[in-house]
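Participant: Chains as they are written, first to last, in full-length UniProt numbering: chain A, 1 to 258; chain B, 1 to 429.
What follows is the structure, encoded as structure tokens:
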């Protein structure tokens, strides 16, 4: 067993940025660690939390939000936590940013009215809302992973619900190729972004329980960065996740090839 | 009444008869839909003919039960009441209810008042067309975000609509829901608050599924000196001083189990009192009150007792779980569908606290998204069985029942209709 391993997961703004079942990602990471005997702690990081609590964490998660809550969180994130998060990501700390968090780590979000909302520029991307006549990109979605390399080709599923269209800059790689649904902008066929050990995605649904390969990759990467050695995680039975994924692929009329 | 109104009502009436004759359904929505196509302002015509006016009941959870309670109280008091059947809470449902009660010539002169539950997005549309006598706002929780959008957006729309109401209208608000209480700001209409004063029911801490825990005025974190469930409680902003208004109605015992029904009942009492109904009439009604369609509704099925608790969003689901646990449930069937009325997005199940279920409970899972549910329960460390076919799932669940036990079913909306269809042979009424 791997009882000696310890992980601390930073959950950014659980009371503000946790709208679409985002807690599922945290539950998934926590349980998959516990089932393998990894001593895991979830550290809620919110408005009142000091940066010193954040910087020692081994994995970062931040989820989606409603507009009003996002503004509250964004203000604190930009002024306080983002520089720390950026440094951690540059140091290969694995991270997952979903939906509103994904938009917020880019350069800016341009609403269809009003001024640009400045982002944390942790990822080289920007998001534009094309106007109130443009439809929201809502529905079940599936994509084939491009990165991380070890998961390349794996099909992931989820649900997306966003008005903003995200474009990646030159320094950033897309996470996956869309095979059903919209993804980043509904135009270029890509979904999400990948940088060092950090992932950004529009998939809530939430992402990790139905796509446990990504959960395990995040855990493994976190341990490898912390303990500076190769780690092999114990096998877990994911047949239920597979059945749930198959339902989405059926809905999208996608024939699963792997 | 215009000629078009007449035509609309006549065709609507005929379509109800056709619908029932051919067993196409109860005619809860499409007679209204047809009538609205012919005469878009027909609601205005109908509402102007009511002796007293219209009561609208809005909120994420509880509008069916609250409107049924109020309707029952008013009928006991001798009023003739027009009421929409459950689920038909869009414009076409309201118009259908009027057509159903109207004579062939469109007269509804025998009716005193209409009590309608109303969809979150329909409330502003109706308030812009007609001036209701009373509007009740129960609560706002995240619910089917792919369909309704964010609670803040709904609250803004409601507030815009309510500010247009004159002083002759009454707005009845839940003082324990910060976002609902804040709707009172700048209203010309009379405002009445209901809320619960019961320190013995305080929870230790906020649940995960909360939506309004920051001040609506200054955006600082609210302080809760008492929490009932989700974000409902005794709240105050320590920064700007905004606080929970003192409720005008707070000390009534609900006739149904479940904490949420205390709010539903208080809201109905507040409205009835505005309509000068005497306390004895309210108490008399409650003695015989039976639950609304799909809301703690009881059935006998093949000799077994079945109780249905519609559960369609995190706050409501958490309350259903607490209620069935308090009723000592031994066997529970959870059915998760992702049809249009349920919402396509089932992510919200991860905001439900399944971790609070007793470990020894028999749990059976079904529905179009049964494996998403199974995955959620798996991560909560609970044992369960899955059965995709709903009829088989009900039968299997019944096999677990020992003498005198009840099967508790927690379905999403379309699943609730399917269960009723299997048990009673009819989806609606």
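For every residue, glycine included, the Cβ atom is placed at its ideal position computed from N, Cα and C.
Residues in its own chain within less than 8 angstroms of residue 129 of chain A by CB, not counting five upstream and five downstream?
Facilitator: Hits under 8 angstroms: 109, 110, 111, 112, 163, 164, 165.
Participant: Look up residue 311 of chain B in the DSSP assignment and say whether it is helix, strand or coil.
Facilitator: The answer is coil: DSSP assigns residue 311 of chain B none of H, G, I, E or B.
Participant: Which runs of the alpha helix (DSSP H) at least 4 residues long sit entirely within the region 11-56 of chain B? Give them in chain order.
Facilitator: DSSP runs (the alpha helix (DSSP H)) wholly in the region 11-56 of chain B: 30-38, 42-49.
Participant: With 8 angstroms set as the bound, which would you pick, yes or no: does the beta-carbon of residue 199 of chain A sit closer than that to a beta-carbon of chain B?
Facilitator: Not closer than 8 angstroms to any Cβ of chain B, the Cβ of residue 199 of chain A fails to qualify, so no.
Participant: Kindly indicate the opening and closing residues of the alpha helix (DSSP H) around residue 244 of chain A.
Facilitator: Taken as a continuous stretch (DSSP letters only), the alpha helix (DSSP H) holding residue 244 of chain A covers 239-251.
Participant: Out of B:356, B:260, B:337, B:357, point me to the one whose CA is closest to residue 454 of chain B's CA.
Facilitator: In the structure displayed, chain B extends from 1 to 429; residue 454 of chain B sits before or after that span and is not available.
Participant: What does the Cβ neighbour count give for residue 246 of chain B, buried or exposed, with the cut at 16 atoms within 10 Å?
Facilitator: Flag for residue 246 of chain B reads exposed.
Participant: Please list, in chain order, the chain A residues whose beta carbon lies closer than 7 angstroms to that of residue 140 of chain B.
Facilitator: Correct list: empty, because the minimum Cβ distance to chain A is about 11 angstroms.
Participant: Considering just the uninterrupted stretch of the beta strand (DSSP E) at residue 28 of chain A, what are its terminal residues?
Facilitator: Per DSSP, residue 28 of chain A belongs to no beta strand (DSSP E); it is in the alpha helix (DSSP H), 23-34.
Participant: For the alpha helix (DSSP H) containing residue 278 of chain B, name the first residue and the last one.
Facilitator: Unbroken run through residue 278 of chain B: none, as it is neither H nor E.
Participant: How would you write the range of the alpha helix (DSSP H) that residue 394 of chain B sits in, first residue to last?
Facilitator: Per DSSP, residue 394 of chain B belongs to the alpha helix (DSSP H) from 390-399.
Participant: Compare the beta carbon distance of residue 117 of chain B and residue 64 of chain B with 8 angstroms and say whether it is the shorter of the two.
Facilitator: Taking 8 angstroms as the Cβ cut-off, residue 117 of chain B and residue 64 of chain B qualify as a contacting pair.
Participant: Contact check, residue 123 of chain B vs residue 161 of chain B under 8 angstroms by CB: the rounded distance?
Facilitator: Going by Cβ atoms, the distance from residue 123 of chain B to residue 161 of chain B rounds to 6 angstroms, so yes, they are a contact pair.
Participant: Which chain A residues are close to residue 414 of chain B, counting only those with a beta carbon under 9 angstroms from its beta carbon?
Facilitator: Simply none; closest approach about 15 angstroms.
Participant: Going by DSSP, what residue range makes up the alpha helix (DSSP H) through residue 420 of chain B?
Facilitator: Taken as a continuous stretch (DSSP letters only), the alpha helix (DSSP H) holding residue 420 of chain B covers 413-424.
Participant: Are the C-beta atoms of residue 347 of chain B and some chain A residue less than 8 angstroms apart?
Facilitator: Closer than 8 angstroms to some Cβ of chain A, the Cβ of residue 347 of chain B qualifies, so yes.
Participant: Mind checking residue 430 of chain B: buried by the 16 CB within 10 Å criterion, or exposed?
Facilitator: Nothing about residue 430 of chain B can be read from this structure; chain B reaches only from 1 to 429.
Participant: Hey, does residue 344 of chain B have any beta-carbon neighbour from chain A nearer than 8 angstroms?
Facilitator: It does; some Cβ of chain A falls within 8 angstroms.
Participant: Can a CB atom of chain B be found closer than 8 angstroms to the CB of residue 206 of chain A?
Facilitator: With 8 angstroms as the cut-off, residue 206 of chain A counts as an interface residue toward chain B.
Participant: By DSSP's criteria, residue 305 of chain B is part of a beta bridge. Which residues make up the other side?
Facilitator: Answer is B:300, B:406, bridged to residue 305 of chain B.
Participant: Quick one: give me the first and last residue of the beta strand (DSSP E) that residue 166 of chain A is part of.
Facilitator: Per DSSP, residue 166 of chain A belongs to the beta strand (DSSP E) from 165-168.
Participant: In whole angstroms, what separates the C-alpha of residue 339 of chain B from that of residue 414 of chain B?
Facilitator: Rounded to whole angstroms, residue 339 of chain B to residue 414 of chain B spans 7 angstroms at the Cα level.
Participant: Where does residue 57 of chain A land, buried or exposed, given buried means 16+ other C-beta within 10 angstroms?
Facilitator: Residue 57 of chain A should be labelled buried.
Participant: Is residue 186 of chain B buried or exposed, if buried means 16 or more other CB atoms sit within 10 Å of its CB?
Facilitator: When all chains shown are included, residue 186 of chain B counts as exposed.
Participant: Where does residue 262 of chain B fall in DSSP's three states?
Facilitator: Here residue 262 of chain B sits in helix by DSSP.
Participant: Among residues of its own chain, excluding the 5 on either side of residue 81 of chain B, which ones have a beta-carbon nearer than 8 angstroms to its beta-carbon?
Facilitator: Excluding residues within five positions, the ones whose Cβ falls inside 8 angstroms are 71, 74, 75, 111, 112, 113, 114, 115.
Participant: Please list the terminal residues of the continuous alpha helix (DSSP H) segment that includes residue 379 of chain B.
Facilitator: Per DSSP, residue 379 of chain B belongs to the alpha helix (DSSP H) from 370-379.
Participant: What residues of chain A sit near residue 158 of chain B, judged by a beta carbon separation below 8 angstroms?
Facilitator: Under the 8 angstroms cutoff, chain A gives no residues; its nearest Cβ is about 15 angstroms from residue 158 of chain B.
Participant: Give a yes or no on whether 8 angstroms exceeds the smallest Cβ distance from residue 239 of chain B to chain A.
Facilitator: Cβ-Cβ to chain A under 8 angstroms: no for residue 239 of chain B.
Participant: Let's test the definition: count the other Cβ atoms within 10 Å of the Cβ of residue 29 of chain B and tell me whether it reaches 16, buried, or not, exposed.
Facilitator: By the neighbour-count rule (16 or more Cβ atoms within 10 Å), residue 29 of chain B is buried.
Participant: Taking all protein chains shown into account, do 16 or more other C-beta atoms lie within 10 angstroms of the C-beta of residue 312 of chain B, making it buried, or fewer, making it exposed?
Facilitator: The residue in question, residue 312 of chain B, is buried, as its Cβ has 16 or more Cβ neighbours within 10 Å.
Participant: Could you confirm whether any beta carbon from chain B is found closer than 8 angstroms to the beta carbon of residue 28 of chain A?
Facilitator: With 8 angstroms as the cut-off, residue 28 of chain A counts as an interface residue toward chain B.
Participant: Scan the region 366-381 of chain B for residues whose Cβ lies nearer than 7 angstroms to a Cβ of chain A and list them as they occur along the chain.
Facilitator: From the region 366-381 of chain B, only 369, 371, 372, 374, 375, 378, 379 have a Cβ closer than 7 angstroms to chain A.
Participant: Would you mind reading off the limits of the alpha helix (DSSP H) that contains residue 129 of chain A?
Facilitator: Note, residue 129 of chain A: premise wrong, no alpha helix (DSSP H); not H, not E.
Participant: Beta-carbon of residue 235 of chain B versus every beta-carbon of chain A: anything under 8 angstroms?
Facilitator: With 8 angstroms as the cut-off, residue 235 of chain B does not count as an interface residue toward chain A.
Participant: Tell me which residues of the region 6-22 of chain A have at least one Cβ-Cβ distance to chain B shorter than 7 angstroms, keeping chain order.
Facilitator: Within the region 6-22 of chain A, the qualifying residues are 15, 19, 20, 21.
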